[in-house]
Amino acid sequence: MRIDLHTHSSHSDGTQSPAEVMQSAAEAGLSVVALTDHDVSTGWAEADQAAAALGVSLVPGIEVSCAHYGISVHVLAYLLDPHAPELLAELSRSREHRLGRMREMVRRMAADGFPIRYEDVVAQARDGATLGRPHLADALVAAGCFPDRQAAFDDVVHSRSPYYVAHYAPHPTLAVQLILAAGGVPVMAHPLAAARGHTVGDDVIGDMVDAGLVGLEVDHRDHDGPARQHVRELCRRWGLLETGSSDYHGTGKPNLLGENTTKPEVLAQIVELGTGSAPLGAPLPS
Ligand code: AMP
Ligand code: FE
Ligand code: FE
Ligand code: ZN
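For what it's worth, this note's numbering labels the leading residue of the sequence shown as 17, then goes sequentially.
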């Protein structure tokens, strides 16, 4: 049983529709896949239909953008109630703030001579998608400034760039509490992904654990050997579930479906704990 618990579609910064992600998951030989778009659940219904037809089981999820004093933290939420009012309010607030933040990033870049407008960034995103820096990178590629999304990130879109602007996002312990209140299962995504910018210390992760964090994403391409070892050690210390996943973004990133996977017994515990919504797609393999 191959299980990949972290993927993105065009409802956030992936390049494929939810149905296409499910098709690619089937082709990659996955039996279970989670769709975890940044801050939205709008892709679940389409993914559900496609997954059912393809014989793939779908774990509905969201990757919640959080911020700890300016450091970006991502918390995966599985099997949550997508209508839980308090979580929904936080997600809406941070999605809303992403728009003004993007206007400011574009303003700074245009003032420095980059030939882009806010509308060009919006044109890179599906209507209603969570607008993020990957769309800015894509707009810079479309304008001929960079050969691909990664090159744009490496040069000017990264979080230490002078053009970088943060947006409102909930504190990670608040996010954990709201995910639990929504019946969801909170798992911190790529805790030590240093290539993306600053990461939080073990003390902050400890606070999230005290708030009810259930697991840590150990096996992720942005973790090198020592990082995986350290995150695994934290899981043992605090009795947390260890997950592994691809963080697939279609052609937007080199990450391949199933390049890291989660053990069936870990999935079973996540399914047991999640009470906000049921697994979708084909019935879970036993
Ligand atoms: P945002 O939430 O708008 O700040 O953008 C964050 C998203 O950008 C992440 O979810 C990744 O998909 C992508 N990302 C962040 N840092 C990098 C990086 N250094 N290289 C490539 N993609 C990145
Ligand atoms: Fe992303
Ligand atoms: Fe992430
Ligand atoms: Zn992700």
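From the three backbone atoms N, C-alpha and C, an ideal C-beta is built for every residue, glycine too.
Here the structure is a predicted model, which is why all the values come from computation and not from measurement.
Candidates the options: closest to residue i by CA position
i: A182; options: H265, I87, V137; result: I87
i: G268; options: I19, G30, E36, V192; result: G30
i: E288; options: T146, P101, R142, L96; result: L96
i: R248; options: H90, P207, A168; result: P207
i: A185; options: S73, V216, V89, T52; result: V89
i: Q193; options: E102, P131, V173; result: E102
i: H187; options: V80, L46, A42; result: V80
i: P202; options: P299, M17, L283; result: L283
i: R326; options: A44, A35, S40, H27; result: The question about residue 326 has no answer here: the residues shown for the chain are numbered 17 through 302.
i: G213; options: Y180, Q285, A167; result: Y180
i: Y94; options: N276, A211, D53, T189; result: D53
i: P304; options: D240, V230, G266; result: The structure shown does not extend to residue 304, since the chain is modelled only from 17 through 302, so no value can be given for it.
i: V75; options: H84, P131, A83, S57; result: S57
i: A198; options: G290, V37, P242, S47; result: G290
i: T215; options: A227, V225, G116, A243; result: A243
i: Q166; options: P178, A159, Q39, A153; result: A153
i: A63; options: A41, C82, D55; result: A41
i: L273; options: A158, G297, V91, S261; result: S261
i: H239; options: A210, W254, R252; result: A210
i: G292; options: L196, S47, T189, R237; result: L196
i: H24; options: D263, V225, E112, A83; result: D263
i: A141; options: S26, Q285, M121; result: S26
i: A67; options: G241, M38, M204; result: M38
i: Y134; options: A155, T146, A191; result: A155
i: G148; options: C161, V122, L229; result: V122
i: R237; options: C251, G222, A205; result: A205
Delimiting residues of the alpha helix (DSSP H) encompassing residue i
i: D154; result: 149–158
i: E43; result: 34–43
i: M139; result: The residue you asked about is not Met; residue 139 is Ala in the sequence shown. No alpha helix (DSSP H) contains A139, which DSSP labels as neither H nor E.
i: R165; result: 165–168
Buried/exposed call for residue i, threshold 16 Cβ in 10 Å
i: L256; result: buried
i: G200; result: buried
i: P295; result: buried
i: E106; result: buried
i: S302; result: exposed
i: A61; result: exposed
i: S108; result: exposed
i: R176; result: exposed
i: P98; result: buried
i: D171; result: exposed
i: Y85; result: exposed
i: D128; result: exposed
i: E233; result: buried
i: D143; result: exposed
i: R114; result: buried
i: P34; result: buried
i: G71; result: exposed
i: R117; result: buried
i: Q245; result: exposed
i: A316; result: Here the chain comprises residues numbered 17 to 302, so residue 316 is not present and cannot be evaluated.
i: E281; result: exposed
i: E258; result: buried
i: G326; result: This structure cannot speak to residue 326, because the chain is shown only from 17 to 302.
i: D55; result: buried
i: D20; result: buried
i: R111; result: buried
i: G160; result: exposed
i: G59; result: buried
i: G77; result: buried
First and last residue of the uninterrupted beta strand (DSSP E) at residue i
i: L283; result: Looking at the DSSP string, L283 is not in any beta strand (DSSP E); the run it does join, the alpha helix (DSSP H), is 280–289.
i: A50; result: 48–54
i: E258; result: 257–260
What runs of the beta strand (DSSP E), each 3 residues or longer, lie entirely inside the region 71–124?
-> 73–84, 87–94
Which whole runs of the alpha helix (DSSP H) in the region 192–251 are 4 residues long or more, in chain order?
-> 218–227
What does the shell around ligand 3 hold, if a residue joins when its beta-carbon is under 7 Å from any heavy atom?
-> Taken from the N-terminal end onward, the list reads E79, H90, A205, H206, D263.
With distances taken from each beta carbon to the nearest heavy atom of ligand 2, which residues come in below 7 Å, in chain order?
-> Taking each Cβ in turn, the ones that pass are H24, S28, D29, H54, G148, P150, H265.
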